[in-house]
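Novice:
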Amino acid sequence: MKIISSAFRRLLVFAFGFIIACGLVAATGGSASAYSYDGLGAVHYAHLYACNGVDCHNSQYLYLGSDCANFVSQSIHDGGGLTYMRGVSSVLDWYYDTTTALDRTGYSQNVYSGSQSWVSVSALYDQLRFTSRLSSIANPTMSLKYSGANSGDIYMYDWGKDEGFSHVALATDNGSFANYQDPFPSPLPNYSSITGGSGSRMAQHTNDRDWAPWNYGYWGERDASIRSKMRTKILRIAPAG
Amino acid sequence: MKRKHIIFAAGLVTGLVILSGVSALATGYKFGPLPFSAGISQPGEDSGSESKIEEVKRSIVDLLQKNMELSNLTKNEQQSIGLDPENELAISLQNGLRSVWVESLADKTFDEIVTLYKNENGQGPEFTWDSVQLEVTDWQGVVVSKGSASARFVSHFVYTSNGRSAPDQETQWEVNLTRNSTAGVWLIASRKGADLEDH
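As they're listed, the protein sequences go chains A and B.
Take the first sequence: its letter number 5 is residue 5 in the working numbering, and every next letter is one higher.
Numbers given in the working numbering equal positions in the second sequence, counted from 1, plus 1000.
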């Protein structure tokens, strides 16, 4: 009888730990708060913080070198209203955060400490897919004039160098491309010279651009063996979740 | 008292592990290493005899330049290859690719380029130049063994037209080569690149 009672007590302690774990998961947001995606809001944000030839990034966020996914995440969160997720699995998390750290010279600076999916193209894609925040995917032909993207969709690019998808931009709207030519690397075509000067437009970071053709990377590639392998996916975010 | 703590901790850990698994199953996620957006790799070390390493470096520059020269076509030339992959220009392109890539990859690349030119139908990008040079700005490790070699490096092309030169963007490449013992030349067996600036 005493043995049973002792084993039962242990079971109770074990169960208590288990329940606490469930509580911890719930308290840290195992499920995301509801959202209603505002594609036009995302576009408004993107136009504010992506500029041709000028650095106009939002100083509330760190500029992270290869900044494309960071910029798209900002646009769909700050402008589009897509809520942070802090899921049970780290791959389902999607949030921005920073922490202070000392550099080699002992100087304190802000460093990125948010989720991988906020700053990584493939992790962002996985996060959207596995959380059902992605409603559809389209595969446009990169050489053609295209106007099928909605405002607030995400363009995801594979540059044909066997690296996989490595770049994202925000689809803004359809219309005339800016009369602008990147100063470097040169000579690249003027935006307005591509597919008759109009079509789906995008905004992006890393090489910051706005009012640019969605397929600008394709039109700047000289090597046919690379161009033949380029691909784009258009990711459409579910309107609500 | 100590034992209670251990049992409590076991319950806590079990709960977290089970909930992670349930979450993964519910979402369809497969556990694995996290992917990264920029495929930039860390520099490695050279390995092999100095003369062989230099030979491989020279071969890589020659092969990539030759490969790029094969794209120096007008829109009309591109269109004609797309329309007739057996015409003289197309055969010249195929032979050119076979002098750069291992044969199976050369033929696959040729098919992909023909499809590209067919789809573009003379309406795709057109870049022509008088000469092109590959400038390697950083060799980041060349490994040479008997019949194969691999190299990691950062480079860009410089195009010259009408006496004016312009550099292309920088890319980090990882290239694998195979030695064609019959012809006594190196050929590209695979190539993977990460742009240091995005398009």
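Each residue gets a CB set at the ideal place from its N, CA and C atoms; glycine is no exception.
Along the chain, where does the beta strand (DSSP E) containing Leu235 of chain A start, and where does it finish?
Specialist: Translated into positions along the first sequence, residue 235 of chain A becomes position 235. Here the beta strand (DSSP E) through Leu235 of chain A covers 231 to 237.
Novice: Counting pairs of Cβ atoms below 8 Å between the region 194 to 202 of chain A and the region 56 to 75 of chain A, do you hit three or more?
Specialist: No contact exists between the region 194 to 202 of chain A and the region 56 to 75 of chain A.
Novice: Please confirm whether Ala1116 of chain B has its beta-carbon closer than 8 Å to some beta-carbon of chain A.
Specialist: Here residue 1116 of chain B refers to the residue found at position 116 when the second sequence is read from its first residue. The displayed chain sequence assigns Leu, not Ala, to residue 1116 of chain B. It does; some Cβ of chain A falls within 8 Å.
Novice: 8 Å is my cut-off, CB to CB: does Lys229 of chain A come that close to chain B?
Specialist: Indexing the first sequence from 1 puts residue 229 of chain A at position 229. Yes, its Cβ sits closer than 8 Å to a Cβ of chain B.
Novice: How far does the beta strand (DSSP E) with Gly1193 of chain B in it extend, from its first residue to its last?
Specialist: For the purposes of this step, residue 1193 of chain B is identified with residue 193 of the second sequence, where counting begins at 1. 1185 to 1195 is the extent of the beta strand (DSSP E) around Gly1193 of chain B.
Novice: How would you call Gly87 of chain A, buried or exposed, if buried means at least 16 neighbouring beta carbons within 10 angstroms?
Specialist: If you number the first sequence from 1, residue 87 of chain A lands on position 87. So Gly87 of chain A ends up on the buried side.
Novice: Which residues in chain B sit within 9 Å of Thr141 of chain A, going by Cβ to Cβ distance?
Specialist: Residue numbering aside, residue 141 of chain A sits at position 141 when the first sequence is read from its first letter. Asn1119, listed in chain order.
Novice: Extract the residue ranges of the beta strand (DSSP E) inside the region 160 to 237 of chain A, only unbroken runs of 3 or more that lie entirely within it.
Specialist: The qualifying runs are 165 to 176, 198 to 204, 209 to 213, 231 to 237.
Novice: According to DSSP, Arg1167 of chain B sits in a beta bridge with which residue or residues?
Specialist: Counting from one through the second sequence, the residue named residue 1167 of chain B turns up at place 167. Contrary to the premise, residue 1167 of chain B reads as Pro rather than Arg in this sequence. According to DSSP, Pro1167 of chain B bridges with B:Val1158.
Novice: Just list the residues that DSSP pairs Ile1053 of chain B with in beta bridges.
Specialist: Start at 1 with the first residue of the second sequence, and residue 1053 of chain B comes out as number 53. For Ile1053 of chain B, which the question treats as bridged, DSSP gives no partner whatsoever.
Novice: Give me the residue from B:Ile1091, B:Gly1048, B:Arg1058, B:Glu1069 with the minimum Cα distance to Val944 of chain B.
Specialist: Only positions 1001 to 1199 of chain B appear in the structure, and residue 944 of chain B is not among them; the question remains open.
Novice: According to DSSP, is Gly1021 of chain B part of a helix, a strand, or is it coil?
Specialist: Within the second sequence, numbered from 1, the residue matching residue 1021 of chain B stands at position 21. Bear in mind that a pLDDT of 49 at Gly1021 of chain B, under 50, signals an unreliable position, so the model cannot answer this.
Novice: Have a look at A:Ser176, A:Asn58, A:Asp208, A:His205 and flag the residue whose alpha-carbon is nearest the alpha-carbon of Ser193 of chain A.
Specialist: Here residue 193 of chain A is taken as the residue at index 193 of the first sequence, counted from 1. Closest by alpha carbon: A:Ser176.
Novice: For a contact defined as C-beta to C-beta under 8 Å, what are the partners of Phe1127 of chain B on chain A?
Specialist: The residue you call residue 1127 of chain B lines up with position 127 of the second sequence. Correct list: Arg222.
Novice: Between the region 149 to 163 of chain A and chain B, which residues of the former have CB atoms less than 8 Å from a CB of the latter, in chain order?
Specialist: Within the region 149 to 163 of chain A, the residues whose Cβ lies closer than 8 Å to some Cβ of chain B are Tyr157, Trp159, Lys161, Asp162, Glu163, listed in chain order.
Novice: How about the region 1113 to 1120 of chain B and the region 1134 to 1145 of chain B: do they share at least three Cβ pairs that are nearer than 8 Å?
Specialist: With the cut-off at 8 Å, the region 1113 to 1120 of chain B and the region 1134 to 1145 of chain B do not touch.
Novice: What are the residues in the region 205 to 217 of chain A lying within 7 Å of chain B by C-beta distance?
Specialist: Hits within the stretch, in order: Thr206, Asn207, Tyr216, Gly217.
Novice: Return the CA-CA distance between Ser90 of chain A and Met1068 of chain B, expressed in angstroms with no decimal places.
Specialist: As a first step, residue 90 of chain A is located in the first sequence; it is residue number 90 there, counting from the start. As a first step, residue 1068 of chain B is located in the second sequence; it is residue number 68 there, counting from the start. So the two alpha carbons sit approximately 42 Å from each other.
Novice: With a 10 Å radius around its C-beta and 16 neighbouring C-beta atoms as the bar for buried, classify Thr28 of chain A as buried or exposed.
Specialist: Taking the first sequence and counting its residues from 1, the one referred to as residue 28 of chain A is at position 28. Low local confidence applies: a pLDDT of 48 at Thr28 of chain A is under 50, so the model's placement there is unreliable, with the coordinate-based value given in what follows. By the neighbour-count rule (16 or more Cβ atoms within 10 Å), Thr28 of chain A is not buried but exposed.
Novice: If contact means a Cβ-Cβ distance below 7 Å, which residues of the region 1057 to 1076 of chain B contact chain A?
Specialist: Taking 7 Å as the Cβ-Cβ cut-off against chain A, the residues of the region 1057 to 1076 of chain B that qualify are Asn1067, Met1068, Ser1071.
Novice: Kindly indicate if chain A contains any beta-carbon less than 8 Å away from that of Leu1187 of chain B.
Specialist: As a position in the second sequence, residue 1187 of chain B is number 187, starting the count at 1. Output row for Leu1187 of chain B: interface = no.
Novice: Could you tell me the alpha carbon to alpha carbon distance between Tyr157 of chain A and Val1158 of chain B, rounded to whole angstroms?
Specialist: Here the question's residue 157 of chain A lines up with position 157 in the first sequence. Here the question's residue 1158 of chain B lines up with position 158 in the second sequence. C-alpha separation (whole angstroms): 25 Å.
Novice: Counting beta carbon pairs with one atom in the region 1120 to 1136 of chain B and one in the region 1061 to 1081 of chain B, are three or more of them shorter than 8 Å?
Specialist: Result yes; three or more Cβ-Cβ pairs closer than 8 Å.
Novice: Please go through the same chain and pick out, in chain order, the residues whose beta-carbon is closer than 6 Å to the beta-carbon of Gln116 of chain A, but skip the five residues on each side of it.
Specialist: As a first step, residue 116 of chain A is located in the first sequence; it is residue number 116 there, counting from the start. Only Ala123 meet the Cβ criterion.
Novice: Measure from the alpha carbon of Asn1121 of chain B to the alpha carbon of each residue in B:Leu1177, B:Gln1078, B:Trp1173, then state which is nearest.
Specialist: Locating residue 1121 of chain B in the second sequence gives position 121, counting from the first residue. Of the candidates B:Leu1177, B:Gln1078, B:Trp1173, the one whose C-alpha sits nearest the C-alpha of Asn1121 of chain B is B:Gln1078.
Novice: For a cutoff of 8 Å on Cβ pairs, would you count Ile1113 of chain B as touching chain A?
Specialist: What you label residue 1113 of chain B is simply residue 113 of the second sequence in a count that begins at 1. With 8 Å as the cut-off, Ile1113 of chain B counts as an interface residue toward chain A.
Novice: Going by the C-beta, is Lys1192 of chain B closer than 7 Å to any heavy atom of the ligand GTP?
Specialist: With respect to the ligand GTP, the structure shown offers nothing to examine, as it has no ligands at all.
Novice: In this structure, does DSSP put Ala149 of chain A in helix, strand or coil?
Specialist: By 1-based counting over the first sequence, the position of residue 149 of chain A is 149. Coil, per DSSP.
Novice: If you draw a straight line from the alpha carbon of Gly1044 of chain B to that of Gly196 of chain A, how long is it in whole angstroms?
Specialist: By 1-based counting over the second sequence, the position of residue 1044 of chain B is 44. By 1-based counting over the first sequence, the position of residue 196 of chain A is 196. The alpha-carbon atoms of Gly1044 of chain B and Gly196 of chain A are separated by roughly 45 Å.
Novice: Between which two residues does the alpha helix (DSSP H) harbouring Val43 of chain A extend?
Specialist: Locating residue 43 of chain A in the first sequence gives position 43, counting from the first residue. Element bounds for Val43 of chain A: 39 to 49.
Novice: My output table needs one value for Asp126 of chain A: the three-state DSSP class, helix, strand or coil.
Specialist: Numbered from its first residue, the first sequence carries residue 126 of chain A at position 126. Helix.
Novice: Taking 6 Å as the limit between beta carbons, can you name the residues of its chain near Glu1174 of chain B, skipping five residues before and five after?
Specialist: One-based indexing of the second sequence puts residue 1174 of chain B at position 174. Cβ within range, chain order: Arg1152, Lys1192.
Novice: CB-CB under 6 Å to Lys1118 of chain B, same chain, minus the five flanking residues each way: which ones, in chain order?
Specialist: Taking the second sequence and counting its residues from 1, the one referred to as residue 1118 of chain B is at position 118. Closer than 6 Å at the Cβ level, and outside the excluded window around Lys1118 of chain B, lie Gly1082.
Novice: Quick one: which unbroken beta strand (DSSP E) runs of 3-plus residues sit fully inside the region 83 to 115 of chain A? Chain order, please.
Specialist: You should have 98 to 102, 108 to 112.
Novice: From Asp1195 of chain B to Ser33 of chain A, what distance separates their C-alpha atoms?
Specialist: Here residue 1195 of chain B refers to the residue found at position 195 of the second sequence. Here residue 33 of chain A refers to the residue found at position 33 of the first sequence. For Asp1195 of chain B and Ser33 of chain A, the distance between alpha carbons rounds to 37 Å.
Novice: If you run the structure through DSSP and keep just helix, strand and coil, what is Phe1110 of chain B?
Specialist: Your numbering for residue 1110 of chain B matches position 110 in the second sequence. In the structure shown, Phe1110 of chain B sits in a helix (DSSP, three-state: H, G or I).
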